[in-house]
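In this note's numbering, the protein residues as written are 177 to 488. Here the structure is laid out as structure tokens; the discussion comes afterwards.
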């Protein structure tokens, strides 16, 4: 799914690029220059130090049966926030002492850029940078590649037209229904409405608890990927969540290269949610496979989402 992008100079658009994690050129964890925004430092802390590090230290991934565990770090992450969009790439790596439990993470934070560019050229450039860094043997080489990508992406972002995002006109739910089957998508939408009603427009059909305080703690849904690439899967699920919740709710989508699933995290992510990175379908099944009994009112609501009708 590639959208044509209008280009002109638009002031104030910026991109930050950084890398951290494990690399053979360092004997332990490293951080490159460029972790200059609060969202990038949050990503490093919550995803890497607390999420991945916490899962490793607690041994929860090692407790999974081999058939339940995802073997590799090979993930694309797109995280939409009120402060812009973060793109991250996770790949297997090791440090100079041969320790292989943590990944290499390459990330970029974009502000004021359309999602068509963020989930297209930006994801592609971050992925390419991660692969290049993995092949570079020296610290200077890694840091030089990060600096080069930062300059290239800032120059490109400065030529993009600010304003309405053309990708917003697409009916992502309709595309997913065609690819996954409508019943599968109805089940995913139902789980989102059931578990995430504190974030959704209009609450839950038949819900009588709206007078009580709604739960806006971080939520999670594992859906079929639905995209032909990880970047496209991220764009599609961000599109669906944007229609259900609006653009101000933080949403992170995590997709492995296998395209077996898309883990959708809603609200400010919590460290425990990154268990999904190594938990396969045997440990965390798809929402589309949960045998919900869905009433007609909620089926009708899901149908309106799929048809691209107003929701609420």
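Note that CB positions come from ideal geometry on N, CA and C, so glycine has one too. The structure presented is a predicted model; accordingly, all values stated were derived computationally and were not measured.
- [ ] Count the other CB atoms, across all protein chains shown, that sit within 10 Å of the CB of residue 445; report buried if there are 16 or more and exposed otherwise.
- [x] buried
Open item on the list: So if DSSP puts residue 198 in a beta bridge, which residue, or which two residues, is it bridged to?
Closed with: DSSP lists no partner for residue 198.
Open item on the list: Taking the alpha-carbon of residue 295 as reference, which of 253, 281, 279 and 269 has the nearest alpha-carbon?
Closed with: 253
Task: contact_flag[the segment 198–213, the segment 292–308] where n(CB pairs < 8 Å) is 3 or more - done: no
Task: Buried versus exposed, by CB contacts within 10 Å (16 or more), residue 473 - done: exposed
- [ ] Could you say if the segment 250–267 and the segment 403–411 meet the contact criterion of at least three C-beta pairs nearer than 8 Å?
- [x] yes
Task: Same chain only: Cβ atoms within 7 Å of residue 462, ignoring 5 sequence neighbours per side - done: 398, 399, 400 and 437
Open item on the list: Tell me the rounded alpha-carbon separation between residue 441 and residue 454.
Closed with: 15 Å
- [ ] Give the DSSP-derived three-state secondary structure of residue 233 in the structure shown.
- [x] helix
Task: For residue 395, three-class secondary structure by DSSP - done: strand
Task: Alpha-carbon to alpha-carbon, residue 348 and residue 484 - done: 8 Å
Open item on the list: Please tell me whether residue 301 and residue 331 are closer than 8 Å, where the distance is taken between their beta carbons.
Closed with: no
Task: Within 8 Å, strictly: CB atoms of residue 374 and residue 392 - done: yes
Open item on the list: Nearest by alpha-carbon distance to residue 468: which of 429, 371 and 193 is it?
Closed with: 371
Task: CB-CB length for residue 286 against residue 333, believed under 8 Å - done: 6 Å
Open item on the list: Helix, strand or coil, according to DSSP, for residue 483 in the structure here?
Closed with: coil
Task: Cut-off 6 Å between Cβ atoms - residues of its own chain near residue 423, not counting five sequence neighbours on either side - done: none
Open item on the list: Taking the beta carbon of residue 231 as the centre, do at least 16 other beta carbons fall within 10 Å, making it buried, or is it exposed?
Closed with: buried
Open item on the list: Given a cut-off of 8 Å on the beta-carbon distance, is the pair residue 514 and residue 279 in contact?
Closed with: Not covered by the structure: residue 514. The range shown for the chain is 177 to 488.
Task: Proximity winner among 358, 234 and 303, relative to residue 277 (alpha-carbon distances) - done: 234
Task: Whole alpha helix (DSSP H) elements within the segment 246–281, 4-residue minimum - done: none
Open item on the list: Would residue 228 and residue 366 qualify as a contact pair, given that the criterion is a beta-carbon distance under 8 Å?
Closed with: no
Task: Backbone secondary structure at residue 339 - three-state DSSP - done: Note that residue 339 has pLDDT 49, beneath the 50 cutoff, so the model's placement of it is unreliable and no number is given.
Task: Coarse secondary structure for residue 349, derived from DSSP in three states - done: helix
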